[in-house]
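Colleague:
Protein chains in written order, with my numbering: chain R, 51 to 447; chain P, 129 to 437.
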């Protein structure tokens, strides 16, 4: 009896879905009942800490899409590969996902280095990548959709806010020593100086650096209105703990960061970073019905103690944006999905509302969050309008 | 270079950088002491040293969580219990590793490098399975946070002072053990001439095991102390291992005194340079200095004459 029922259900689904020959003319892994996509993140190696949240968010989105009937009547099947925090491995796995598995879309990558490594593969094989991390910009590819913010979106509104609200006239820039912080600080410095404020110092530390006493001493002596920190990963724990231990009171000294999300706060400890401001597009505490449902579903699937950071939410948008574009195109073909993508909107996004720009980035709001001792951010401000993505900002390079 | 600073500010700079350098010195010494004992006395290159430190950090995390949950009244003092727990667990794991793996490789020092590196990977994966891939936050009692004001512009972080005191105590204990106890005499005898030591009735096997366990236990305590300043995640140990080897090799592998001198040299040049250059440039210059000195003195700062058996 059950097998008959299952067959009937299968037949029913196949009947509702348009025939494969129509929706897939380029030989992707699409059958009458299934469509295969790839997830390509590091689940081992040093980046696993960051990328775990992205994998969880993408799997949640795919599970929800499947539960609501799939895409064009087809259930999504996932092939997951591990980039292992190693850029050549990322390129190799991307080739495998596109050439052997013929995936219709891939959700993945986190660091700019891994994205740059897979980019030629996606362009050569005409694949589709949804990339979730906020990043430095200076890139636009027909084969990539960037669901995180590019640098100007994240940086400008934050600096404008501290200048207006805190009357900030001087800044001290700190960052980890690689492309994202350096490019971001270049944009930040330009914007600060164009607005008539001063940069009192700019300093970079090797990834994994854990001794910030000297930098903190300099900050105490030069007394900048704002400490502007783009330190990434585990170094953050050292930086905020030492800042607090050195007696820098973040309720009196303004600190603005674009690199600390709820994920990093878990390691830092809420009491050590309370009072700092973060500028990004998403915080777990955002108060809207989309987000309430998203947070509840995320915790139900992955555990109640879990926290959700900006990148995790951006990763969640990937499968939904792809679904919307495929349905608008009426096809899984990469060229058609790409052509259908500009101006696709997502009114159900946890961050509120987003829209795809023709340059493949998202229009999004930028928000300022105040770090609280419980490890969450209180949203103090958001831009009135969606900010236009500008990956090649004129005058900022 | 000194533009924009008044004379009194310069005095403050020098004082505060001096303290920053001293704290860095303590951190380096705490990291390197365990490694130096194992490497110097036994010739074993322990690539898993960082993971033993992180074991201590995770033990501190567990102790703090348990204390906060069941004995909130004792939270102010939990750190001392945590250090003891860290020492015992890391030491016990070291004993196990020595028994299962290292003792078969004493005659092949380069193989110990591979074997302990394997152990470090296994430990990292174990931490990831047990504690999760994300970093854990270790909360500290309030008295450990904040700074001690010495003057209007000079302040010293309390956790830095704590690390300094801890380093002093541990170095003192190690010194007494190595140079003032009969056990230390046995360790040194085995290092200098294993066959003769055996002939004199010293049980070389037991000395090896205890030395190894001591080195690992100190790594655990160091890890416990680093929860105050560093991060605790499955791969955090990797952050420390290069600096640690740098200190040990620069100091002259066989000499504990060399380790101290080396930690002092590296920390002071790093801290002084850091004030005038940016953080990563200071590191580059420090490494350059180390390489130059090693070119002139390949054996490191201090050389101990050893008669090979």
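Where a beta carbon is used, it is the ideal one built from N, C-alpha and C, also for glycine.
With distance defined between alpha-carbon atoms, name the residue in R:407, R:101, R:425, R:358 nearest to residue 400 of chain R.
Modeller: R:358
Colleague: Among the residues of its own chain, which have a CB less than 6 Å from the CB of residue 139 of chain R, if the five just before and after it don't count?
Modeller: Result list for residue 139 of chain R: 133, in chain order.
Colleague: Can you tell me which residues form a DSSP beta bridge with residue 280 of chain R?
Modeller: Partner(s): R:225.
Colleague: Whose Cβ in chain R lies nearer than 9 Å to the Cβ of residue 288 of chain P?
Modeller: 263, 292, 295, 296
Colleague: Just verifying my parser: in three-state terms, what is the DSSP assignment at residue 133 of chain P?
Modeller: coil
Colleague: If we define contact as Cβ-Cβ less than 7 Å, is residue 98 of chain R a contact residue for chain P?
Modeller: yes
Colleague: Residue 226 of chain P and residue 337 of chain P - do their beta-carbons sit closer together than 7 Å?
Modeller: Less than 7 Å divides the Cβ of residue 337 of chain P from the Cβ of residue 226 of chain P.
Colleague: Quick check: is the beta carbon of residue 226 of chain P nearer than 7 Å to any beta carbon in chain R?
Modeller: no
Colleague: Mind checking if residue 424 of chain R is an interface residue toward chain P, Cβ cutoff 7 Å exclusive?
Modeller: no
Colleague: Classify residue 397 of chain R: buried if its beta carbon has 16 or more other beta carbons within 10 angstroms, exposed otherwise.
Modeller: exposed
Colleague: Taking the alpha-carbon positions, what's the residue 253 of chain R to residue 406 of chain P distance?
Modeller: 5 Å
Colleague: Please report the straight-line C-alpha distance between residue 166 of chain R and residue 384 of chain R, rounded to a whole angstrom.
Modeller: 20 Å
Colleague: Can you pull the chain R neighbours of residue 141 of chain P, defined as C-beta to C-beta under 8 Å?
Modeller: Result: 267, 271.
Colleague: Kindly list, in the order they appear in chain P, the residues whose Cβ is closer than 9 Å to that of residue 279 of chain R.
Modeller: Near residue 279 of chain R there are no residues of chain P at all, since even the closest Cβ is about 13 Å away, more than 9 Å.
Colleague: Could I get the ranges of all uninterrupted beta strand (DSSP E) runs contained in the region 266-330 of chain R, with 3 residues as the minimum, in chain order?
Modeller: You should have 276-280, 304-307, 327-330.
Colleague: If you follow the beta strand (DSSP E) that residue 231 of chain P is part of, which residue opens it and which one closes it?
Modeller: Premise fails: residue 231 of chain P is in no beta strand (DSSP E) and is neither H nor E.
Colleague: Using a cut-off of 9 Å between C-beta atoms, extract the partners of residue 332 of chain R located in chain P.
Modeller: Per Cβ cutoff of 9 Å: no residues; residue 332 of chain R is ~18 Å from chain P at best.
Colleague: When you compare each of R:310, R:427, R:293, R:333 to residue 270 of chain R by their alpha carbons, which one comes out closest?
Modeller: Comparing Cα positions, the closest option is R:293.
Colleague: Relative to the C-alpha of residue 387 of chain R, which candidate in R:258, R:155, R:97, R:186 has its C-alpha closest?
Modeller: R:155
Colleague: Exposed or buried, which one is residue 331 of chain R when buried takes at least 16 other CB atoms within 10 Å?
Modeller: The residue in question, residue 331 of chain R, is buried, as its Cβ has 16 or more Cβ neighbours within 10 Å.
Colleague: How about residue 276 of chain R and residue 212 of chain R: are their beta carbons less than 7 Å apart?
Modeller: yes
Colleague: Check the Cβ-Cβ distances between residue 275 of chain R and every residue of chain P, and say whether any is below 7 Å.
Modeller: no
Colleague: Tell me whether residue 164 of chain R sits in a helix, a strand or coil according to DSSP, three-state version.
Modeller: helix
Colleague: So, is residue 393 of chain R buried or exposed, given that buried needs 16 or more other C-beta atoms within 10 angstroms?
Modeller: exposed
Colleague: Looking at residue 353 of chain P: is its Cβ nearer than 7 Å to the Cβ of residue 278 of chain P?
Modeller: no
Colleague: Would you mind reading off the limits of the alpha helix (DSSP H) that contains residue 132 of chain R?
Modeller: Looking at the DSSP string, residue 132 of chain R is not in any alpha helix (DSSP H); the run it does join, the beta strand (DSSP E), is 125-132.
Colleague: Can you give the Cα-Cα distance for residue 439 of chain R and residue 446 of chain R, rounded to whole angstroms?
Modeller: C-alpha separation (whole angstroms): 14 Å.
Colleague: Look at residue 182 of chain R and residue 361 of chain R and say whether their C-beta atoms are less than 7 Å apart.
Modeller: Yes, the pair counts as a contact, with Cβ atoms nearer than the cut-off.
Colleague: Under 8 Å: do the region 235-255 of chain P and the region 327-344 of chain P share three or more Cβ pairs, one atom per stretch?
Modeller: no
Colleague: Using a Cβ-Cβ cut-off of less than 9 Å, list which residues of the region 143-169 of chain P approach chain R; keep chain order.
Modeller: If the cut-off is 9 Å between Cβ atoms, the region 143-169 of chain P has 144, 145, 147, 148, 149, 151, 152, 155 near chain R.
Colleague: Can you tell me whether DSSP reads residue 369 of chain R as helix, strand or coil?
Modeller: helix
Colleague: Note down the Cα distance separating residue 430 of chain R from residue 298 of chain P, rounded to an integer number of angstroms.
Modeller: 48 Å
Colleague: With 7 Å set as the bound, which would you pick, yes or no: does the beta-carbon of residue 176 of chain P sit closer than that to a beta-carbon of chain R?
Modeller: No - not a single Cβ of chain R is within 7 Å of the one on residue 176 of chain P.
Colleague: Give me the residue from R:303, R:336, R:374, R:338 with the minimum Cα distance to residue 323 of chain R.
Modeller: R:303
Colleague: Between residue 437 of chain P and chain R, is the shortest Cβ-Cβ distance under 7 Å, so that the two count as touching?
Modeller: In this predicted model, residue 437 of chain P has a pLDDT of only 46, less than 50, meaning its place in the structure is not dependable; the value taken from the coordinates is given anyway. No, because no Cβ of chain R sits closer than 7 Å to the Cβ of residue 437 of chain P.
Colleague: Locate the alpha helix (DSSP H) running through residue 378 of chain P, then write down its first and last residues.
Modeller: 365-379
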